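Trainee: Residue numbers (our numbering), protein chains in the order written: chain A, 1 to 253; chain B, 1001 to 1210.
Note that CB positions come from ideal geometry on N, CA and C, so glycine has one too.
Because the structure is a prediction, the values reported are computed rather than measured.
Starting off with a structure, shown below.
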Amino acid sequence: MNSNTPFNEQLNEQPITEDELIGLVSGSLPEAEFERVSSAVAASPELLARLEQLELIRDGLAQDFEPIYTDAENKQAAQKMLRQLDAPQLEVPPPKPQYVPTPHAGGKPWKPPKRTRWLYGALAAQAFCILGLGVIALPVLQSNVGNPPPLVAQNDVQGGDAPIYRSVGVPAGAVLLAVQFAPTATEREIRGLLLDVQALIVSGPTQLGEYQLAVLSNKADAALKKLQGAAFVESAKLSAGAVSQASSKVDRP
Amino acid sequence: MTDEELLARIAKQDQEAKVAFEELVRRYRGKFFGIASARGLSPADAEEAASDGLMQVWRCAGQALGGALPAKYWLRGVMVRMTINKFRKLKTRTAVETSSTRFDDAGEFASDASEASEHDESNPWVELSAPELARLEGEHQRCVDNCLPKLSGAQREILVMLTYAGQTLGEIAKATGESLGTIKSRQHYALEKMKQCVQRLLQSKSGASK
């Protein structure tokens, strides 16, 4: 190699190894190496031929791993990804807490011990969840007083042989609705609407962004109309198996 | 429309780019899923990794432009990196979840290794000239397809990990608990077996045509 050759050209003159070719075919080549290897391969018919051979082997192996999606599935997936990409990203980091010097810490700012900092966060998150659940669930549960769940009551009265099911976390006899909110809907809007129709989120979102809501059976029609009428609700319908029965089986006395 | 044209449109990030992205998803979603799945991610995680990979392509499609080789190589690189990131997020092993049971016919490797001294260290493909290969491409793929089932399970596995799942020799060695030298040897004999099989088929076909 000529000592006057520029450094970049010297790099390009490095022979391409079989491992690098395999890395190129498989995608495991480090980003920093990609340009050098691909340029060298493109310039060499022999390397291109070797690359092609590896590519053929790879193609032969691919069939075992690659599922076939329908066009509709792919379109739906692409639109969901684009929605996620369009969603505003929170890029502003939260401000660092200001620690106040305390005499107990020898005049230095007090900080929680590093190993237990996560504990404070976890406790705060737990408290927030409990409060949030209480705010949403309380009105529904309160309105359920005096309204015995129809399905359970009916089975009990009839004394049939069918097993009785009571739901866990969902009021028995509640109607389940499948709802998709618009991507632009704010948490405040959704919460307001759920409180208004006295609905409780019982699951979701699914991969398609669908939530299941539980509403009392005597208020289901009104709730469905309100949900369908809301500007930020994309779709609202009765969920499959709309009446809540499942979850826990209770033995007949 | 070629992959490169699609990526050029996506790089513009306008309304047309969204249409191009839908087409890219159609072409590459299954391929991306396959890479993640071959590296050992569960179907649900592989699905997420594939989505992450495709969204990453949306963000940095411009980087693929002007490359010396077809864009598919760049796209695979993106997906392999996203799969590795997914493993890190899951706090699982970054290497493929290859347990010793996946190499259930490890004896095949042992017998391969015993043949080591009988083979030279020449490149598996160097005997085939480029023009010849280009001319025989379609026929060659058929030969490769015929030869792949003749590999042992372990040989096939190592080719999957190397050429499809995008694992490095070091990663495979770590995952299998074998030495790097052993893994390199296995790679060599798997490729050698493919070369010999393909050449034998090609020769028999050319002999038959004469």
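Under 8 angstroms, with one C-beta from each stretch per pair, do the region 1042-1055 of chain B and the region 1014-1031 of chain B reach the 3-pair mark?
Mentor: yes
Trainee: Taking 7 angstroms as the CB-CB cut-off, is Arg1186(B) touching chain A?
Mentor: no
Trainee: If you run the structure through DSSP and keep just helix, strand and coil, what is Ala178(A)?
Mentor: Ala178(A) falls in the strand class under three-state DSSP.
Trainee: Starting from Ser1152(B), find everything on chain A with Cβ-Cβ shorter than 7 angstroms and list it in chain order.
Mentor: Going along chain A, no residue has its Cβ under 7 angstroms from Ser1152(B), so there is no contact; the nearest lies around 14 angstroms.
Trainee: Can you tell which of Ala1064(B), Ala1050(B), Lys1089(B) has its C-alpha closest to the C-alpha of Met1079(B)?
Mentor: Ala1050(B)
Trainee: Flag Ser203(A) as yes if its beta-carbon sits less than 7 angstroms from any beta-carbon of chain B, otherwise no.
Mentor: False, the Cβ-Cβ gap to chain B never drops below 7 angstroms.
Trainee: Between Leu24(A) and chain B, is the shortest Cβ-Cβ distance under 7 angstroms, so that the two count as touching?
Mentor: yes
Trainee: Just reading off the beta strand (DSSP E) that Tyr211(A) is part of, what are its end residues?
Mentor: 210-215
Trainee: May I have the straight-line CA-CA distance separating Ala1213(B) from Ala1008(B), to the nearest angstrom?
Mentor: There is no way to answer for residue 1213(B), as the model of chain B reaches only from 1001 to 1210.
Trainee: Tell me, which residues are paired with Leu200(A) by DSSP?
Mentor: Ala214(A)
Trainee: At 4 residues or longer, what runs of the alpha helix (DSSP H) sit wholly inside the region 9-35 of chain A?
Mentor: 18-26
Trainee: Excluding sequence positions up to five away, which residues of its chain have a Cβ less than 7 angstroms from the Cβ of Cys1197(B)?
Mentor: Cys1147, Lys1150
Trainee: Would Ala178(A) and Lys237(A) be called neighbours here (beta carbons separated by less than 7 angstroms)?
Mentor: yes
Trainee: For the region 58-73 of chain A, which residues have a beta carbon sitting closer than 8 angstroms to at least one beta carbon of chain B?
Mentor: Arg58, Asp59, Gly60, Leu61, Ala62, Asp64, Phe65, Glu66, Pro67, Ile68, Tyr69, Asp71
Trainee: Pop quiz: Ala1036(B) and Ala1046(B) are said to be a contact at Cβ under 8 angstroms. What is the actual Cβ separation, rounded to whole angstroms?
Mentor: 4 angstroms
Trainee: At the 7 angstroms Cβ level, is Phe1087(B) part of the contact set with chain A, yes or no?
Mentor: no
Trainee: Ignore the nearest five residues each way along the sequence and tell me which others in Gly233(A)'s own chain have a CB closer than 8 angstroms to its CB.
Mentor: In the sequence as displayed, the identity of residue 233(A) is Val instead of Gly. Taken in chain order, the residues that qualify are Val179, Gln180, Phe181, Ala182, Ala185, Leu193, Leu227.
Trainee: If distances are taken between C-alpha atoms only, which option among Leu47(A), Ala43(A), Glu52(A) comes closest to His1140(B)?
Mentor: Glu52(A)
Trainee: What's the gap between the Cα of Val1211(B) and the Cα of Leu85(A)?
Mentor: For residue 1211(B) there is no data in the structure shown, the boundaries of chain B being 1001 and 1210.
Trainee: Taking all protein chains shown into account, do 16 or more other C-beta atoms lie within 10 angstroms of the C-beta of Met1001(B), making it buried, or fewer, making it exposed?
Mentor: Classification of Met1001(B): exposed, given that the 10 Å Cβ count is below 16.
Trainee: Measure the Cβ-Cβ separation of Asp1003(B) and Ala1068(B) and say whether it is below 7 angstroms.
Mentor: Against a cut-off of 7 angstroms, the Cβ pair of Ala1068(B) and Asp1003(B) comes out as no contact.
Trainee: Shorter than 7 angstroms from the beta carbon of Ala122(A) to some beta carbon of chain B?
Mentor: no
Trainee: Is the region 32-50 of chain A in contact with the region 65-82 of chain A, if contact means three or more CB pairs nearer than 8 angstroms?
Mentor: Contact between the region 32-50 of chain A and the region 65-82 of chain A is absent, because fewer than three Cβ pairs lie under 8 angstroms.
Trainee: Pick from Gly60(A), Glu187(A), Ala62(A): whose alpha carbon is nearest that of Gly132(A)?
Mentor: Minimum Cα distance to Gly132(A) is reached at Glu187(A).
Trainee: Look at the alpha carbon of Gly173(A) and the alpha carbon of Arg1081(B), and state the distance between them as a whole number of angstroms.
Mentor: 48 angstroms
Trainee: Ser38(A) touches chain B at which residues, Cβ-Cβ below 9 angstroms?
Mentor: Gly1067, Ala1068, Leu1069, Tyr1073, Trp1074
Trainee: Between which two residues does the alpha helix (DSSP H) holding Gly1030(B) run?
Mentor: 1015-1038
Trainee: Contact between the region 56-64 of chain A and the region 1160-1167 of chain B: three or more CB pairs below 8 angstroms?
Mentor: Enough Cβ pairs lie closer than 8 angstroms, so yes.
Trainee: Which residue comes first and which comes last in the alpha helix (DSSP H) that contains Lys1174(B)?
Mentor: 1169-1176
Trainee: What does Val233(A) pair with, by DSSP beta-bridge criteria?
Mentor: Val233(A) is bridged to Phe181(A).
Trainee: Between which two residues does the alpha helix (DSSP H) harbouring Arg64(A) extend?
Mentor: First, the residue type needs correcting, since residue 64(A) is Asp and not Arg in the sequence shown. Run containing Asp64(A): none; DSSP gives neither H nor E here.
Trainee: Specify the secondary structure class of Leu238(A) as computed by DSSP and reduced to three states.
Mentor: The answer is strand: DSSP assigns Leu238(A) an E or B state.
Trainee: Starting from the beta carbon of Gln84(A), find every residue of chain B whose beta carbon is closer than 7 angstroms, and list them in chain order.
Mentor: Met1055
Trainee: Establish whether the CB of Ala1296(B) and some CB of chain A are separated by less than 7 angstroms.
Mentor: Since the first residue shown for chain B is 1001 and the last is 1210, residue 1296(B) is missing from the structure and cannot be characterised.
Trainee: Can you check whether the CB of Ser38(A) is closer than 7 angstroms to the CB of Thr1168(B)?
Mentor: The answer is no: Cβ separation not under 7 angstroms.
Trainee: With burial defined as no fewer than 16 other Cβ atoms inside 10 Å of the residue's Cβ, what is the status of Glu20(A): buried or exposed?
Mentor: Classification for Glu20(A): buried.
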